[in-house]
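**Student:** Here it is: the structure, laid out below.
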Amino acid sequence: MNKQNVFGRSRLRLMLRYALVMGGLVIVLLFAMHKTMEWAITSEQARELLDTADSVAESQAYYELHAGADDETQLYRSTNDRLFYYVFDGQGRLINFSRASLRIESFVLDIVTAWDAPEGEVRVFTKTNERGGKTRVMMTSQTVFSPPLPVQTVYVGKDVTAMYNG
């Protein structure tokens, strides 16, 4: 009877160890999958943002070179209300824009004022509101160079709060 109890106890210990190891592996796997999915989504959003920055820069150059033309097809029009851009000249004056949501516009303009990222680098900025909710904005910048006109800078961004909350 004592031998059965020894085998029963050792079987129980092995079963518990196996359950702990498998549980740990599941937790590690879930964490790795979550981080991988977050990276994939973020990199896709960043690629979209860089493509938008290119489009806005090209449209702004066209707009500046053909200021009297009424060809609206060449101007950038956002089809996504989460995308926004601001174009500033070398003296910091606003030249053109597609406004961010009023809810985040002051946050975005604060980011632009303190911008220190290299051109083409995409960054995510986070702001916590008074109720504890987080607002996340992904932004990049690009220089608009269309001689003989002065150099301008386009700041393009996207409200990615829903991506992080979903």
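Take any residue in the sequence shown, note its place counting from 1, add 54, and you have its number in my numbering.
Note that beta-carbon positions come from the ideal geometry of N, C-alpha and C, so glycine has one too.
Specify, as a first and last residue, the run of the beta strand (DSSP E) that Ile-149 falls within.
**Tutor:** Here the beta strand (DSSP E) through Ile-149 covers 148-152.
**Student:** Between the beta-carbon of Lys-188 and the beta-carbon of Thr-167, is there less than 9 Å?
**Tutor:** No, the pair does not count as a contact, with Cβ atoms beyond the cut-off.
**Student:** Could you work out which residue in Met-91, Thr-197, Lys-181 and Gln-196 is closest to Arg-190 when comparing CA atoms only?
**Tutor:** Residue Lys-181 is the option with its Cα nearest to Arg-190.
**Student:** Look up Leu-156 in the DSSP assignment and say whether it is helix, strand or coil.
**Tutor:** Coil.
**Student:** On the three-state DSSP scale, how would you describe Val-205?
**Tutor:** Correct three-state label for Val-205: coil.
**Student:** Closer than 7 Å by C-beta to Ala-115: which residues in its own chain qualify, once you throw out the five before and the five after it? Chain order, please.
**Tutor:** These residues qualify, in order along the chain: Val-198 and Ser-200.
**Student:** Go through its chain and collect everything with a Cβ distance to Gln-99's Cβ below 7 Å, but skip five positions before and after it.
**Tutor:** Contacts found: Met-192, Lys-212, Val-214 and Met-217.
**Student:** Report the rounded CA-to-CA distance for Leu-104 versus Ser-152, giving the unit in angstroms.
**Tutor:** Spanning the two alpha carbons is a distance of roughly 16 Å.
**Student:** Going by C-alpha to C-alpha distance, which of Gly-62, Val-80, Tyr-72 and Tyr-209 sits closest to Glu-173?
**Tutor:** Looking at the Cα atoms, Tyr-209 is the closest of the given residues.
**Student:** Closest by CA to Ile-149, which one among Phe-179, Arg-177 and Ala-111?
**Tutor:** Answer by Cα proximity: Ala-111.
**Student:** Around the Cβ of Val-162, are there at least 16 other Cβ atoms within 10 angstroms (buried) or fewer (exposed)?
**Tutor:** Buried.
**Student:** Just tell me which of Ser-64, Leu-83 and Ser-195 has its CA closest to the CA of Tyr-140.
**Tutor:** Measuring from the Cα of Tyr-140, the nearest candidate turns out to be Ser-195.
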